[in-house]
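*Asks:* Each residue of the sequence shown is one higher than the last, beginning at 46 in my numbering. Input: one structure, supplied below.
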Amino acid sequence: MPQTVYDVIALPFEEGLLEARNAFLLRGDFSPALRDSFGGHLVAEQTYRPAYERLAAGGVQVTTQLEGSYDVGLCVLTPHRQENYANLARAYRLLAPGGTLVCAGQNAVGAATYEKAVGAIAPLEGRISKAKCRVFWLRRGSAEADSARWREWLSLGDPQPIAGTPFSTRPGIFSWNRIDPGSQFLVDSLPPGIDGAVADLGAGWGFLAASLLQRYDRIRQLDLFEAEKLALDLAQANLAPSGRSVGYHWSDVRAGIGRSKYDWVITNPPFHKEGEQDIDLGVTFLTVAAEALRGGGRLVCVANRHLPYERTLRTAFSDVSVLAENRGFKVLLARK
Numbered sequence: 046m047p048q049t050v051y052d053v054i055a056l057p058f059e060e061g062l063l064e065a066r067n068a069f070l071l072r073g074d075f076s077p078a079l080r081d082s083f084g085g086h087l088v089a090e091q092t093y094r095p096a097y098e099r100l101a102a103g104g105v106q107v108t109t110q111l112e113g114s115y116d117v118g119l120c121v122l123t124p125h126r127q128e129n130y131a132n133l134a135r136a137y138r139l140l141a142p143g144g145t146l147v148c149a150g151q152n153a154v155g156a157a158t159y160e161k162a163v164g165a166i167a168p169l170e171g172r173i174s175k176a177k178c179r180v181f182w183l184r185r186g187s188a189e190a191d192s193a194r195w196r197e198w199l200s201l202g203d204p205q206p207i208a209g210t211p212f213s214t215r216p217g218i219f220s221w222n223r224i225d226p227g228s229q230f231l232v233d234s235l236p237p238g239i240d241g242a243v244a245d246l247g248a249g250w251g252f253l254a255a256s257l258l259q260r261y262d263r264i265r266q267l268d269l270f271e272a273e274k275l276a277l278d279l280a281q282a283n284l285a286p287s288g289r290s291v292g293y294h295w296s297d298v299r300a301g302i303g304r305s306k307y308d309w310v311i312t313n314p315p316f317h318k319e320g321e322q323d324i325d326l327g328v329t330f331l332t333v334a335a336e337a338l339r340g341g342g343r344l345v346c347v348a349n350r351h352l353p354y355e356r357t358l359r360t361a362f363s364d365v366s367v368l369a370e371n372r373g374f375k376v377l378l379a380r381k
């Protein structure tokens with residue numbers, strides 16, 4: 046999230062319109078502006094590991110699950126509509142009576158739409174538009190907190206089934222309401238003989254891991270690595286019926302997962318960051334995979350056809366081949 050959003054959400058406090066008191070930050074990242082406004086009176090909830098670590102490194106108290114009640118709630122809008130409505134309702138409920146909810150987002154994610162929707166439930170006390178962002182705020186009254194609309198919004202954050210599958214997901218995570226086509230193509234193209242110790246990098250809500258466990262009974266160890274805890278928790282729930290032993294690691298894969306540990310690494314590496322294509326992110330996943338494999342170990346990955354991952358793989362692996370290809374994707378096999 047651009048720092049501009051955090052500069053804007055801090056404006057009501059910097060301009061003396063609101064008092065910086067006991068506050069929480071929901072779905073936000075580290076911000077010098079907020080740190081300076083709130084000092085030690087801010088606790089952040091963050092389930093995305095890189096942002097969690099940035100908050101902690103910046104001296105902000107951070108948790109994966111907020112509890113209690115607060116005088117001020119800061120809610121940062123994401124690109125995900127249903128997640129935003131659920132977060133707004135939850136933020137409102139975390140306020141003490143008379144507490145203030147402050148919400149900010151980029152115009153590009155529809156901040157004005159959320160302002161209008163919230164204003165239809167409870168009266169807004171103020172708003173500021175600046176730098177293609179918007180911040181608005183309201184005070185928690187005694188009557189609105191349990192309104193049907195708040196309850197409806199809150200339920201949008203609950204796990205929801207994907208039709209025609211045994212899986213559940215939730216808004217705010219990658220491919221939350223469908224099976225990602227790239228992951229499906231990877232599953233359809235997996236080679237025979239996957240066994241031993243296996244790592245799934247960027248495991249998401251567990252679709253690939255579930256397919257591995259269903260198809261390969263000689264997998265001795267399966268470790269899932271995922272930066273978004275919301276997704277990892279869903280993966281654990283989705284894989285529970287298998288009865289197999291699985292390791293769940295809430296981690297930033299870019300920091301590494303260890304050396305020479307695995308016989309196979311399977312991944313659908315991400316290549317976007319904050320909505321922009323970032324090929325280096327996918328390259329880092331492949332580099333980490335190479336480090337994690339034993340000699341003779343193999344990597345299977347899927348990528349959009351235009352991504353030049355073969356160049357990276359040939360520098361780290363002794364043999365690289367294309368297992369399958371269609372109009373949109375390619376599945377690559379690399380042996381260390």
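Idealized CB from N, CA, C, for every residue including glycine. Predicted model only: the values in this text are computed from it and were never measured.
#1: In terms of DSSP beta bridges, what is residue 268 paired with?
#2: State the Cα-Cα distance for the pair residue 93 and residue 374, rounded to the nearest angstrom.
#3: If contacts are defined as beta-carbon pairs under 8 Å, then residue 263 and residue 240 qualify, I think. What distance do you get, rounded to the angstrom?
#4: Considering only their Cβ atoms, is the gap separating residue 347 from residue 219 smaller than 8 Å?
#5: Among the candidates 104, 377 and 112, whose CA atom is the shortest distance from the CA of residue 135?
#6: Is the beta carbon of residue 91 less than 8 Å from the beta carbon of residue 107?
#7: For the alpha helix (DSSP H) that contains residue 92, what are its first and last residues?
#8: Apart from the five residues just before and just after residue 103, which ones in its own chain have a Cβ nearer than 7 Å to its Cβ?
#9: Check each candidate in 265, 303 and 258 and name the one with the smallest Cα separation from residue 281.
#10: What number of angstroms, rounded off, separates the C-alpha of residue 162 from the C-alpha of residue 130?
#11: So the candidates are 153, 119 and 223; which of them puts its Cα closest to the Cα of residue 139?
#12: Restricting to Cα atoms, I'd like to know which of 349, 352, 213 and 381 is closest to residue 364.
#13: On the three-pair Cβ rule with 8 Å, is the stretch 298-308 touching the stretch 320-338?
#14: Grab me the residues of residue 266's own chain with a C-beta within less than 6 Å of its C-beta, minus the 5 sequence neighbours each way, in chain order.
#15: Give me, in chain order, the residues of the same chain whose beta-carbon lies closer than 6 Å to that of residue 379; leave out the 5 immediate sequence neighbours on both sides.
#16: Checking 8 Å against the spacing of the C-beta atoms, do residue 270 and residue 298 come in under that value?
#17: Output the boundary residues of the alpha helix (DSSP H) element that contains residue 164.
#18: Go to residue 195, then tell me how far its alpha helix (DSSP H) extends in each direction, as first and last residue.
#19: State the Cα-Cα distance for the pair residue 274 and residue 312, rounded to the nearest angstrom.
#20: So residue 283 packs on residue 251, CB below 8 Å; how close in whole Å?
#21: Within 10 Å of its beta-carbon, does residue 142 have 16 or more other beta-carbons around it, so buried, or fewer, so exposed?
#22: Leaving out the 5 sequence neighbours to the left and right, which residues in its chain are closer than 8 Å to residue 199 when beta-carbon positions are compared?
#23: Let me make sure I understand the geometry here. Which of 167, 184 and 125 has the alpha-carbon closest to that of residue 156?
#24: I'd like to check one pair, residue 214 with residue 277: are the Cβ atoms closer than 8 Å?
#25: List the residues that DSSP assigns as beta-bridge partners of residue 343.
#26: Could you work out which residue in 122, 121 and 97 is closest to residue 110 when comparing CA atoms only?
#27: At a cut-off of 7 Å, would you count residue 314 as near the ligand COA, judging by its Cβ distance to the nearest heavy atom?
#28: Where does the unbroken alpha helix (DSSP H) through residue 103 begin, and where does it stop?
*Replies:* Short version:
#1: Position 223 of the sequence shown, counted from the first residue, corresponds to residue 268. Note: residue 268 sits in a beta bridge opposite 244 and 292.
#2: Residue numbering aside, residue 93 sits at position 48 when the sequence shown is read from its first letter. Residue numbering aside, residue 374 sits at position 329 when the sequence shown is read from its first letter. Cα-Cα distance, rounded: 27 Å.
#3: Along the sequence shown, read from residue 1 onward, the residue named residue 263 stands at position 218. Along the sequence shown, read from residue 1 onward, the residue named residue 240 stands at position 195. 4 Å between Cβ atoms; contact.
#4: Here residue 219 is taken as the residue at index 174 of the sequence shown, counted from 1. Here residue 347 is taken as the residue at index 302 of the sequence shown, counted from 1. Contact: no.
#5: For the purposes of this step, residue 135 is taken as residue 90 along the sequence shown, with counting starting at 1. Comparing Cα-Cα distances from residue 135 to each of 104, 377 and 112, the minimum goes to 112.
#6: Taking the sequence shown and counting its residues from 1, the one referred to as residue 91 is at position 46. Taking the sequence shown and counting its residues from 1, the one referred to as residue 107 is at position 62. Yes, the Cβ-Cβ distance between residue 91 and residue 107 is below 8 Å.
#7: Counting from 1 along the sequence shown, the entry for residue 92 is found at position 47. First-last for residue 92: undefined, no H or E at that position.
#8: Locating residue 103 in the sequence shown gives position 58, counting from the first residue. Excluding residues within five positions, the ones whose Cβ falls inside 7 Å are 75 and 80.
#9: In the sequence shown, counting from the first residue as 1, residue 281 sits at position 236. The shortest C-alpha separation from residue 281 is found at 258.
#10: As a first step, residue 162 is located in the sequence shown; it is residue number 117 there, counting from the start. As a first step, residue 130 is located in the sequence shown; it is residue number 85 there, counting from the start. If you take the alpha carbons of residue 162 and residue 130, they lie about 9 Å apart.
#11: On the sequence shown, residue 139 is found 94 positions in, with the first residue counted as 1. The shortest C-alpha separation from residue 139 is found at 119.
#12: Locating residue 364 in the sequence shown gives position 319, where the first residue counts as 1. The candidate whose alpha carbon is nearest that of residue 364 is 381.
#13: yes
#14: By 1-based counting over the sequence shown, the position of residue 266 is 221. For residue 266, where only same-chain residues beyond five positions count, the Cβ hits under 6 Å are 242.
#15: The sequence position of residue 379 within the sequence shown is 334, counting from 1. Cβ neighbours of residue 379 beyond the five flanking positions: 344, 358, 362 and 365.
#16: Counted from its first residue, the sequence shown places residue 270 at position 225. Counted from its first residue, the sequence shown places residue 298 at position 253. Yes.
#17: The count along the sequence shown starts at 1 and reaches residue 164 at position 119. 156-164 is the span of the alpha helix (DSSP H), which, as asked, contains residue 164.
#18: Residue numbering aside, residue 195 sits at position 150 when the sequence shown is read from its first letter. Counting along the chain, the alpha helix (DSSP H) containing residue 195 begins and ends at 193-200.
#19: Here residue 274 refers to the residue found at position 229 when the sequence shown is read from its first residue. Here residue 312 refers to the residue found at position 267 when the sequence shown is read from its first residue. Taking the straight line joining both Cα atoms gives about 18 Å.
#20: As a first step, residue 283 is located in the sequence shown; it is residue number 238 there, counting from the start. As a first step, residue 251 is located in the sequence shown; it is residue number 206 there, counting from the start. With a Cβ gap of about 4 Å, residue 283 and residue 251 count as contacting.
#21: Within the sequence shown, residue 142 is the residue found at index 97, counting from 1. Residue 142 comes out exposed.
#22: Sequence index remark: in the sequence shown, residue 199 carries index 154 (1-based). The residues are 131, 134, 135 and 138.
#23: Looking up residue 156 in the sequence shown gives position 111. Checked all of 167, 184 and 125; the closest Cα to residue 156 is 125.
#24: Indexing the sequence shown from 1 puts residue 277 at position 232. Indexing the sequence shown from 1 puts residue 214 at position 169. No; because the gap between Cβ atoms is not below 8 Å, this pair is not in contact.
#25: The sequence position of residue 343 within the sequence shown is 298, counting from 1. DSSP, once it has assigned bridges, lists 309 and 380 as partnering residue 343.
#26: If you number the sequence shown from 1, residue 110 lands on position 65. Cα-wise, what sits closest to residue 110 is 97.
#27: Questions concerning the ligand COA fall outside what the structure shown contains, since it holds no ligand whatsoever.
#28: The residue given as residue 103 occupies position 58 in the sequence shown. It is not in any alpha helix (DSSP H) - residue 103 carries neither H nor E in the DSSP assignment.
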